[in-house]
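Trainee:
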Amino acid sequence: MAITMTQESNGERVGPREPKSQPEGLPVPDWTALVDGIRRGDETAMAELYGIFAKGIRYFLLRNLGPEELDDKVHDCFVIVTQAIQHGDLREPERLMGYVRTVVKRQIAASIDSAVQQRRTRADFEDTLFTLSDWRDNPERNVMELQRTEIARRVLNGVSRRDREILNRFYVLEQSQERICSEMGLSYNQFRLLKSRAKARFGELGKRLAAGASINSRKNN
Amino acid sequence: MEQLVEEQDGIHPDLNAHGTEEKLELYALGRLPDSDRALLEEHLIVCAVCREKLDGIGGFALAMREAGKQQPEAASTRKLASFFRQPAVSMALVFVLVVIVIAIFSTERTEVAPSAALQLTAARGGMPSTVSARQLDLRLADPPAEGGPFRVAVFNAAGGTVWSGLAESTPAGVDVSVTVTLPQGDYFVRLYSVDGKTLREYGFRVRG
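Chains as they are written, first to last, in this note's numbering: chain A, 24 to 244; chain B, -6 to 201.
(1) Please identify the residue among A:Arg202, A:Arg224 and A:Val123 whose C-alpha is closest to the C-alpha of Glu173 (chain A).
(2) How far does the beta strand (DSSP E) with Gln112 (chain B) in it reach, from first residue to last?
(3) When the distance is taken between beta carbons, is Ala109 (chain B) closer than 8 Å to Leu133 (chain B)?
(4) Does the beta carbon of Leu228 (chain A) sit closer than 8 Å to a beta carbon anywhere in chain B?
(5) Please list, in chain order, the residues of the segment 32 to 50 of chain B that have any C-beta partner in chain A closer than 9 Å.
(6) Give the interface partners of Met120 (chain A) over in chain B, defined as CB-CB distance under 7 Å, in chain order.
(7) Should Ala56 (chain B) be flagged as near chain A, meaning a C-beta pair shorter than 8 Å?
(8) Does DSSP classify Gln64 (chain B) as helix, strand or coil?
(9) Comparing the C-beta of Arg171 (chain A) with each C-beta of chain B, is any distance below 8 Å?
(10) Is the segment 139 to 152 of chain B touching the segment 175 to 184 of chain B in the sense that three or more CB pairs, one from each, lie closer than 8 Å?
(11) Which runs of the alpha helix (DSSP H) fall wholly inside the segment 43 to 88 of chain A and span at least 4 residues, in chain order?
(12) For Asp130 (chain B), list the residues DSSP reports as bridge partners.
(13) So for Leu86 (chain B), helix, strand or coil by DSSP?
(14) Would you please verify whether the beta carbon of Ala175 (chain A) is less than 8 Å from any beta carbon of chain B?
(15) So, is Pro136 (chain B) buried or exposed, given that buried needs 16 or more other C-beta atoms within 10 angstroms?
(16) So is Arg114 (chain A) buried or exposed if we call it buried at 16+ other beta carbons inside 10 Å?
(17) With burial defined as no fewer than 16 other Cβ atoms inside 10 Å of the residue's Cβ, what is the status of Gly208 (chain A): buried or exposed?
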């Protein structure tokens, strides 16, 4: 499942946030009880199911399909899941997460297929070249991605030639960490440290850019 | 609905199996192995912290990839590397190198003989000829009555001196070893006395 970056509605970030402390343990639901409750049509169980999965489902659908009709698509996923549970199709309650993931994948695939078909039909009718325009192709998102790329370019230009080669091997040539370390004579820690420094620099430049933008914005206002 | 059910497998994911930075980065780049992807995605559905981490790591990783692609050295390196990695190209290069090496050595062997010998007389007429050789032994017949040592000089058709040296007289004539390889052309040999007086002149031809 391809993941693209979040487009936040306000205060666009152009760099990574500072990592939070070690994630706390998530409360593990009683899957069996939850599934039983849904099977009985218990509204509390339905609400709990929604509480556990809604944000995650929304996250994946947003990245892959965009904001259009997002609420409807999230709702559709829940309908599919609850109906499957009520029909007894979910054999193992512990596999509920996997089941939800499968439903989301199918929803994404179906939506993309539908979009392709619609565009193809329209294109034929209008006798134009067929292109599949992606929801990601919007001006705000483009600017954000251009900014990030520019920051990354500065990061790459600011490191030594050797470090740049290492980073390009990983990010562009898609070589594995093991291969890079072996061929470039690095330890795993050295490799991770290099990436970590590049990421820190990326964040630093992003903050400066954001700070500069907010200053300009205040000046204009 | 049944199709969805069939996709369930026997894996029971740990809800608290938070993705490592490496895995999240590989996932953002689309390079996480299939064996890890499903579990990570299931976890991401329920874990807001890891989703937020993914946003940050993924933004950086994707930007680095895009910026790296735009770097001219990365692009050319990528193209060169992929071109030379092709087995056919590598083998062709090796073959060409072998052919070049063989050609160099075989060329030298066929065009230049190790040595040649020629007897010259001062009488005018047809020019004797020989092949090009690394060493040309000349016997200058009918030397002057007075003995040596003599100085000998070899000239090309343009009058340039290509070799000179001293030579001793023998009963058969004056023997000279010209130790430079003479290319195809006409050459003249002059025999001088020690005091520089021209005593005899000869000519010969090196055949192509």
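Cβ coordinates follow ideal geometry from the N, Cα and C atoms, glycine included. Keep in mind it's a predicted model, so treat the numbers as computed, not measured.
Mentor: Looking at the coordinates:
(1) A:Arg224
(2) Ala106 to Leu113
(3) no
(4) no
(5) Leu32, Glu34, Glu35, His36, Leu37, Ile38, Val39, Cys40, Ala41, Val42, Cys43, Arg44, Glu45, Lys46, Leu47, Asp48, Gly49 and Ile50
(6) Pro6, Glu35, Ile38 and Val39
(7) yes
(8) coil
(9) yes
(10) yes
(11) 54 to 63 and 66 to 88
(12) B:Ala110 and B:Ser170
(13) helix
(14) yes
(15) buried
(16) exposed
(17) exposed
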